[in-house]
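Before any comments, here is the structure.
Residue numbers (this note's numbering): 23 to 234.
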């Protein structure tokens, strides 16, 4: 199966929406579409969106928005979680099945996608690194846990559902706590600039081609 023949839904937050890229086509989703012009790549990125219902900015969650994606996708990629960290979403525990904890939101979202896209590819990408990711202070809020704990929960829940994981936390090459990386590849210590989106595109593209 080739990516160029697929209908692809990408459910995400501001990074997927292309924030801080010069143009929409310079974001990682736009670069995917440019490489695969015969693919139908639908961008469901919404800045500020969380998997859970704990968004502090009134943006609808991944769990809510998943119902509104086109149902005919061959592949669905989910890329989020950094806003749940920033909004201090409680981690909860394994077995939670409501979207007011992070464990529960992952369960609700993944089960919803499994039912809606049964038999299709469902791929989960972890958050990338960010400044203030160690569970201390982020935007004047005392964080509940480090970002890596949200990454761990995504990977644990995806493994239970049998969803492939693109571990961008480990493999993106985007670590803004390193000065050179922050200056070269990000606009603000989280959102990639054009060079960062190009790097993210390379990682996502390679991972998807390897899966398919």
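Virtual Cβ for every residue (Gly too), placed ideally from N, Cα, C.
Bear in mind that the values here come from a model prediction, so they are computed numbers and not experimental data.
Legend entry - Rounded separation between residue 158 and residue 170 - CA only: Mapped onto the chain shown, residue 158 falls at position 136. Mapped onto the chain shown, residue 170 falls at position 148. Straight-line Cα distance between these residues: approximately 13 Å.
Inset, instruction - Please confirm whether residue 74 and residue 132 have their CB atoms less than 8 Å apart. - result: In the chain shown, residue 74 corresponds to position 52, counting from 1. In the chain shown, residue 132 corresponds to position 110, counting from 1. The answer is no: Cβ separation not under 8 Å.
Inset, instruction - Might you give, ordered along the chain, the residues of its own chain that have their beta carbon closer than 6 Å to the beta carbon of residue 57, omitting 5 neighbours on each side? - result: Numbered from its first residue, the chain shown carries residue 57 at position 35. Residues of the same chain with a CB within less than 6 Å of the CB of residue 57, apart from the 5 flanking positions on each side, do not exist.
Legend entry - residue 128 versus residue 205: straight-line alpha-carbon distance, rounded: Here residue 128 refers to the residue found at position 106 of the chain shown. Here residue 205 refers to the residue found at position 183 of the chain shown. Straight-line Cα distance between these residues: approximately 32 Å.
Inset, instruction - Please determine, among 143, 33, 134, the residue with the shortest C-alpha to C-alpha distance to residue 103. - result: To locate residue 103, count along the chain shown from 1; it is residue 81. Closest option to residue 103, judged by alpha-carbon separation, among 143, 33, 134: 33.
Legend entry - residue 108 to residue 80 span [Cα, whole Å]: If you number the chain shown from 1, residue 108 lands on position 86. If you number the chain shown from 1, residue 80 lands on position 58. Whole-angstrom Cα-Cα distance: 14 Å.
Inset, instruction - Could you tell me the distance, in whole angstroms, from the CA atom of residue 140 to the CA atom of residue 94? - result: Counted from its first residue, the chain shown places residue 140 at position 118. Counted from its first residue, the chain shown places residue 94 at position 72. Computed Cα separation, rounded: 11 Å.
Legend entry - Delimiting residues of the beta strand (DSSP E) encompassing residue 129: Start at 1 with the first residue of the chain shown, and residue 129 comes out as number 107. According to the DSSP assignment, residue 129 belongs to no beta strand (DSSP E) but to the alpha helix (DSSP H) extending over 124 to 138.
Inset, instruction - Taking residue 88 as the reference, give the member of 24, 41, 45, 67 with the closest Cα. - result: Taking the chain shown and counting its residues from 1, one reaches residue 88 at position 66. Comparing C-alpha distances from residue 88 to each of 24, 41, 45, 67 shows the shortest one belongs to 67.
Inset, instruction - Would you mind stating whether residue 203 and residue 147 have Cβ atoms separated by less than 8 Å? - result: Translated into positions along the chain shown, residue 203 becomes position 181. Translated into positions along the chain shown, residue 147 becomes position 125. Taking 8 Å as the Cβ cut-off, residue 203 and residue 147 do not qualify as a contacting pair.
Legend entry - Rounded straight-line distance, which links the Cα of residue 48 to that of residue 97: Position 75 of the chain shown holds residue 97. Position 26 of the chain shown holds residue 48. A direct Cα-to-Cα measurement between residue 97 and residue 48 gives close to 22 Å.
Legend entry - Alpha carbon of residue 155 to alpha carbon of residue 168, nearest angstrom: By 1-based counting over the chain shown, the position of residue 155 is 133. By 1-based counting over the chain shown, the position of residue 168 is 146. Taking the straight line joining both Cα atoms gives about 6 Å.
Legend entry - Through-space distance from residue 76 to residue 61, alpha-carbon basis: The residue labelled residue 61 in the question sits at position 39 within the chain shown. The residue labelled residue 76 in the question sits at position 54 within the chain shown. Roughly 34 Å separates the two Cα atoms.
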